[in-house]
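Some notes on the structure that comes next.
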Amino acid sequence: MPAKLIDGKAYAEGLRARIGAAVATLKKEHGLTPGLAVVLVGEDPASKVYVANKAKQTVEVGMNSWEHKLPADTSEATLLALVDKLNKDPAVHGILVQMPVPKHIDSAKVLNAIDPAKDVDGFHVVNVGRLSTGQEALTACTPVGCVMLAKDTLGDLTGLNAVVIGRSNIVGKPVAQLLLAENCTVTIAHSKSKDLPGIVRGADLVIAAVGRPEMVKGDWIKPGATVIDVGINRIERDGKGKLVGDCDFASCAAVAGAITPVPGGVGPMTIACLLYNTVKAACAIKGVKAPGM
Ligand code: GUN
2 MPAKLIDGKA
12 YAEGLRARIG
22 AAVATLKKEH
32 GLTPGLAVVL
42 VGEDPASKVY
52 VANKAKQTVE
62 VGMNSWEHKL
72 PADTSEATLL
82 ALVDKLNKDP
92 AVHGILVQMP
102 VPKHIDSAKV
112 LNAIDPAKDV
122 DGFHVVNVGR
132 LSTGQEALTA
142 CTPVGCVMLA
152 KDTLGDLTGL
162 NAVVIGRSNI
172 VGKPVAQLLL
182 AENCTVTIAH
192 SKSKDLPGIV
202 RGADLVIAAV
212 GRPEMVKGDW
222 IKPGATVIDV
232 GINRIERDGK
242 GKLVGDCDFA
252 SCAAVAGAIT
262 PVPGGVGPMT
272 IACLLYNTVK
282 AACAIKGVKA
292 PGM
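Residue numbers (our numbering): 2 to 294.
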């Protein structure tokens, strides 16, 4: 039987509707309008598309949105001064500096300059440390989206063998921490792991976040396993541009129990989770209980 398709687009739409309802409640009952500031340095075309989508969806759920577009030759000091200004602005509850930043800017320095209470990306070392020690934290958006889809598909994840392929700070490491917190037995594998196919064959839940187009093949997948594909890779096929994941979709879908498509799987979850984090941050800063989302 072919795998069930995990519809991240539909799940993200539902989540955004719940966030919109939460924002309406916060405005009415607490006079609180959550606000997100996004900073883009330079002209990277993919980043421009992401930032425009973030701003559009922020406004659609009823939140305040600010876009700060800085030229590519902006100095690190100027960027840090803007972050400091946003840290101090009481209307701003979430700050996101779009990555990558130009090479002359130290990205870690910028990310760690953001007030951890406003760090809706969950990239600040304080939030990373809180996540890994089981404390309340703002957590990276794509990992949160992956776990939401896994739980929606499988229910309780307790005891499952989860294999994360990829060890990035943005996805691999935080998603492994979230799965540990869900009581999974977690293996973090990567492109240099010995016998990667053998490791993946032991997984009930596979999270592929390695950034290599169609690397994971169907004969690596345990029959019935759930496959969450984080990859978004642009390739040329038959003379046309095409988006593919880190999993070879056709062969994996023939074996898996459930699988995310690319596009339309994890991708739409990232911005929805950013809005979710902004509501959480606004409530924590204001000292009000976050409405259910
Ligand atoms: N660039 C690509 N994805 C992301 C993300 O989730 N956050 C930030 N800040 N930059 C990114």
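Glycine included, each C-beta is placed from N, C-alpha and C at the ideal position.
Member of the options whose CA lies at the smallest distance from the CA of residue i
i, options, result
"G173", "T271, H191, T261", "H191"
"L150", "A285, L16, T26", "L16"
"C142", "N162, G95, T154, V111", "G95"
"L83", "V111, G167, N65", "V111"
"V245", "L276, A226, R213", "R213"
"N65", "L80, K89, K28, T79", "K28"
"R238", "E215, A283, M100", "E215"
"G225", "V217, V207, P198", "V207"
"E44", "W67, D205, P101", "P101"
"A177", "V231, P91, P144, G21", "P144"
"K10", "I222, I272, S108", "I272"
"H125", "L97, H105, P103", "L97"
"R202", "A23, V228, D8", "V228"
"K49", "L37, I166, L71, P35", "L71"
"T140", "L81, N278, K5", "N278"
"V165", "L80, I189, G268", "I189"
"A282", "V231, D153, G156, D122", "D122"
"S298", "K195, A182, G232, P91", "Since the first and last residues shown for the chain are 2 and 294, residue 298 lies out of range."
"S108", "V40, A291, L161", "V40"
"G199", "L275, V129, V217, V267", "V217"
"K223", "G293, G240, D205, A209", "D205"
"C185", "G63, A92, K152", "K152"
"A182", "L158, I171, K241", "L158"
"L87", "G135, V211, A47, H69", "H69"
"V148", "G266, K89, G219", "G266"
"V42", "P35, L33, L80", "L80"
Per DSSP, cross-strand counterpart(s) of residue i
i, result
"A163", "V187, L206"
"T227", "L206, A259"
"C248", "V217"
"R19", "Paired residues: none, contrary to the question."
"L71", "V42"
"G266", "For G266, which the question treats as bridged, DSSP gives no partner whatsoever."
"I96", "A38"
"K243", "I236"
DSSP state of residue i mapped onto helix, strand, coil
i, result
"N65", "strand"
"L181", "helix"
"L87", "helix"
"E1", "Because the chain is modelled from 2 through 294, residue 1 falls outside the range shown and cannot be assessed."
"N278", "helix"
"N170", "coil"
"I7", "coil"
"T137", "Residue 137 is actually Glu in this sequence, not Thr. Correct three-state label for E137: coil."
"K152", "helix"
"V211", "coil"
"V126", "helix"
"I272", "helix"
"L158", "coil"
"S108", "helix"
"P117", "helix"
"K193", "coil"
"D24", "The residue you asked about is not Asp; residue 24 is Val in the sequence shown. In the structure shown, V24 sits in a helix (DSSP, three-state: H, G or I)."
"K290", "coil"
"I200", "helix"
"V102", "coil"
heavy atom of the ligand HEM below 7 Å from residue i C-beta
i, result
"C142", "The ligand HEM is not part of this structure, which contains only the ligand GUN."
Interface flag, residue i vs chain B, CB-CB below 8 Å
i, result
"K10", "You won't find chain B in this structure, because it holds only one protein chain."
- For the segment 27-60, list the beta strand (DSSP E) runs that are entirely contained and at least 3 residues long, ordered along the chain. 36-42
- With contact counted as at least three CB pairs below 8 Å, one residue from each stretch, are the segment 16-36 and the segment 68-88 in contact? Judged by Cβ distances under 8 Å, the segment 16-36 makes no contact with the segment 68-88, as fewer than three pairs qualify.
- Item | the segment 56-63 in contact with the segment 108-128 per 3-pair CB rule at 8 Å | no
- Would the segment 277-289 and the segment 243-259 be scored as touching if the rule is three or more Cβ pairs under 8 Å? no
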